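According to the numbering used here, the sequence shown is numbered sequentially starting from 157. Beneath this line is the structure, given in structure tokens, with notes to follow.
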Amino acid sequence: MKKTLSNYYLATAFIFIAVVTLIITAISHSTQYMVLNSSTQEIRENILQNYKDELKNRVEVVEQFIEQKNSLVREQLESDIKNRVYEAYNIAYNLHEKYKKTKSPQEIKAIIKESLRQIRFNEGRGYFFIDDTSGNCILYPIRPNLEGTSIINFQDVNQKYVIKELISTALSKNEGYTSYFTYKYKYKEDAKRYEKVTFVKLFEPYNWVIGTGEYLDDVKKDIQKEIAQIINTIRLYNNTGYINIYEIHDYNGGEEFATLIANPNNHSLIGKKISSNVVDTDGVKYRQIALDLLNKHGEGYVTYKSRLQIPP
Numbered sequence: 157m158k159k160t161l162s163n164y165y166l167a168t169a170f171i172f173i174a175v176v177t178l179i180i181t182a183i184s185h186s187t188q189y190m191v192l193n194s195s196t197q198e199i200r201e202n203i204l205q206n207y208k209d210e211l212k213n214r215v216e217v218v219e220q221f222i223e224q225k226n227s228l229v230r231e232q233l234e235s236d237i238k239n240r241v242y243e244a245y246n247i248a249y250n251l252h253e254k255y256k257k258t259k260s261p262q263e264i265k266a267i268i269k270e271s272l273r274q275i276r277f278n279e280g281r282g283y284f285f286i287d288d289t290s291g292n293c294i295l296y297p298i299r300p301n302l303e304g305t306s307i308i309n310f311q312d313v314n315q316k317y318v319i320k321e322l323i324s325t326a327l328s329k330n331e332g333y334t335s336y337f338t339y340k341y342k343y344k345e346d347a348k349r350y351e352k353v354t355f356v357k358l359f360e361p362y363n364w365v366i367g368t369g370e371y372l373d374d375v376k377k378d379i380q381k382e383i384a385q386i387i388n389t390i391r392l393y394n395n396t397g398y399i400n401i402y403e404i405h406d407y408n409g410g411e412e413f414a415t416l417i418a419n420p421n422n423h424s425l426i427g428k429k430i431s432s433n434v435v436d437t438d439g440v441k442y443r444q445i446a447l448d449l450l451n452k453h454g455e456g457y458v459t460y461k462s463r464l465q466i467p468p
């Protein structure tokens with residue numbers, strides 16, 4: 157009886173130990189799985205965060221580049237028109253020196269005028285003008301009907317006497333900048349007022365004021381094109397990544413909410429209007445999500461899926 161009872165206790169002990177061992181093993185495996193799963197998730201989140209940080213850094217570098225270029229718009233404009241006027245002045249001076257002993261002043265004036273009349277620059281929108289110090293128009297290539305008439309009382313849209321200021325600048329400083337606001341002559345339907353910066357230089361032999369001007373808005377657009385050309389050459393992550401630039405027209409979204417300015421992945425879309433209603437392979441309107449983030453926070457991350465190539 158005692159032996160049977162002893163055997164019973166021994167069997168019970170073995171069973172208890174076996175059960176405890178199984179429980180400990182199960183807990184150990186479960187703990188290892190949880191730790192491994194937790195570590196995998198943590199690694200995944202760290203990798204994702206690193207990608208996000210790098211993406212943000214790339215965008216901020218481009219943003220700083222754009223801001224730096226835009227800050228130089230007026231400086232670039234002023235430098236360009238000054239150099240152009242110096243070119244025109246040198247042409248006039250050299251022609252005057254060449255013919256002053258063989259031709260009359262009227263003949264030399266005509267030669268200078270016609271030599272400058274056909275010169276164009278800045279994609280054809282730039283030209284030279286000449287006024288005399290009395291306010292008479294000598295050369296105005298885009299409106300030749302004004303040549304030979306007095307334009308001394310010409311005013312801009314703010315009632316500023318533009319010609320008087322040009323003449324005063326040339327007489328007092330020999331050369332200098334002025335600016336005024338006007339409508340773009342080429343686009344009469346555009347009611348917007350644009351700032352135009354002008355550089356003039358006095359041509360003493362004939363008391364002429366030689367000058368040229370440029371719209372600040374046009375130079376900004378030139379710089380935008382230059383920026384877009386540079387961005388369109390940038391590829392990231394072994395040529396699988398790229399940077400888009402949109403010009404947003406409607407922050408509420410819509411079928412033509414923006415124009416694509418830069419996209420290295422698909423040049424055929426550049427300059428075209430794009431929709432915020434485009435969806436990815438899961439039906440997510442990722443552009444609209446991006447637009448909502450811009451409206452709320454000024455920035456943000458958007459995740460979307462695509463099979464092959466998705467519109468930017």
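Even for Gly, the Cβ is constructed at its ideal location relative to N, Cα and C. All values derive from a computational prediction rather than experimental measurement.
Pull up the DSSP beta-bridge partners for Arg391, would you.
Position 235 of the sequence shown, counted from the first residue, corresponds to residue 391. Looking at the DSSP assignment, Arg391 forms a beta bridge with Tyr398.
Where does Ala167 land, buried or exposed, given buried means 16+ other C-beta within 10 angstroms?
Here residue 167 refers to the residue found at position 11 when the sequence shown is read from its first residue. Reliability of the predicted coordinates at Ala167 is poor, the pLDDT of 41 falling under 50, and no value is obtained from them.
Should Leu228 go down as buried or exposed, given a rule of 16 or more other Cβ atoms within 10 Å for buried?
Within the sequence shown, the letter at position 72 stands for residue 228. Within 10 angstroms of the beta-carbon of Leu228 lie fewer than 16 other beta-carbons, which makes it exposed.
key: DSSP three-state assignment for Asp209, whether helix, strand or coil   = Against the sequence shown, residue 209 aligns to sequence position 53. In the structure shown, Asp209 sits in a helix (DSSP, three-state: H, G or I).
Notebook entry, point to check: Using the C-alpha atoms, what's the distance from Ile404 back to Leu450?
Noted result: The residue given as residue 450 occupies position 294 in the sequence shown. The residue given as residue 404 occupies position 248 in the sequence shown. Cα to Cα, the separation comes out at about 11 Å.
Q) Cα separation between Gly280 and Ser462? A) Within the sequence shown, numbered from 1, the residue matching residue 280 stands at position 124. Within the sequence shown, numbered from 1, the residue matching residue 462 stands at position 306. For Gly280 and Ser462, the distance between alpha carbons rounds to 43 Å.
Quick one, which of Asn400, Phe359 and Thr334 has its alpha-carbon nearest Glu351's?
One-based indexing of the sequence shown puts residue 351 at position 195. Per the C-alpha coordinates, the member of Asn400, Phe359 and Thr334 positioned closest to Glu351 is Thr334.
- Item | Nearest to Ser432 (by Cα), restricted to the options Leu425, Lys441, Ser424 and Ile426 | Start at 1 with the first residue of the sequence shown, and residue 432 comes out as number 276. The residue with the shortest Cα to Cα distance from Ser432 is Lys441.
Reduced DSSP category for Ile285 - H, G, I as helix; E, B as strand; rest coil
Position 129 of the sequence shown, counted from the first residue, corresponds to residue 285. The identity of residue 285 in the sequence shown is Phe, whereas the question assumes Ile. DSSP places Phe285 in strand when its eight states are reduced to three.
Pairwise C-alpha distance: Thr368 and Leu295: Within the sequence shown, residue 295 is the residue found at index 139, counting from 1. Within the sequence shown, residue 368 is the residue found at index 212, counting from 1. The alpha-carbon atoms of Leu295 and Thr368 are separated by roughly 11 Å.
Checklist entry - Quick one, which of Leu272, Asn301 and Tyr362 has its alpha-carbon nearest Gln262's? => result Along the sequence shown, one-based indexing puts residue 262 at 106. Closest by alpha carbon: Tyr362.
Let's see if you can read the secondary structure: which residues bound the beta strand (DSSP E) around Ala446? For this step, residue 446 is matched to residue 290 along the sequence shown. Premise fails: Ala446 lies in the alpha helix (DSSP H), Tyr442 to His453, not in any beta strand (DSSP E).
- Three-state class that DSSP yields for Tyr249 in the structure shown: Reading the sequence shown from its first residue, position 93 is the one you call residue 249. DSSP places Tyr249 within a helical segment (H, G or I) once states are collapsed to three.
Using the C-alpha atoms, what's the distance from Lys225 back to Leu233? On the sequence shown, residue 233 is found 77 positions in, with the first residue counted as 1. On the sequence shown, residue 225 is found 69 positions in, with the first residue counted as 1. One C-alpha to the other measures close to 12 Å.
In three-state terms, what does DSSP make of Leu233? Residue numbering aside, residue 233 sits at position 77 when the sequence shown is read from its first letter. In the three-state reduction of the DSSP assignment, Leu233 falls in the helix class, which pools H, G and I.
- Spatial distance of Thr177 from Arg200 (CA atoms): Taking the first residue of the sequence shown as 1, we reach residue 177 at position 21. Taking the first residue of the sequence shown as 1, we reach residue 200 at position 44. The predicted position of Thr177 is uncertain, since its pLDDT is 44 and thus under 50; a value taken from the coordinates is nonetheless stated next. Here the C-alpha atom of Thr177 lies approximately 34 Å from the C-alpha atom of Arg200.
Q | Assigned exposure category for Glu360 - 16 Cβ within 10 Å defines buried | A | Reading the sequence shown from its first residue, position 204 is the one you call residue 360. Flag for Glu360 reads exposed.
Thr287 classed as buried or exposed, judged by whether at least 16 other C-beta atoms fall within 10 angstroms
Walking along the sequence shown from the start, residue 287 turns up at place 131. In the sequence as displayed, the identity of residue 287 is Asp instead of Thr. In summary, Asp287 is buried, with 16 or more beta-carbon neighbours lying within 10 Å of its beta-carbon over all protein chains present.
Quiz prompt | CA-to-CA distance, Tyr402 to Asp236, given in whole angstroms | solution = Along the sequence shown, one-based indexing puts residue 236 at 80. Along the sequence shown, one-based indexing puts residue 402 at 246. In this structure, the CA atom of Asp236 is about 28 Å from the CA atom of Tyr402.
Assuming Ala347 and Asn388 make a contact with CB atoms under 8 Å, what is their CB distance in whole Å?
Taking the sequence shown and counting its residues from 1, one reaches residue 347 at position 191. Taking the sequence shown and counting its residues from 1, one reaches residue 388 at position 232. A Cβ-Cβ distance of about 33 Å is found for the pair Ala347 and Asn388, leaving them out of contact under the 8 Å criterion.
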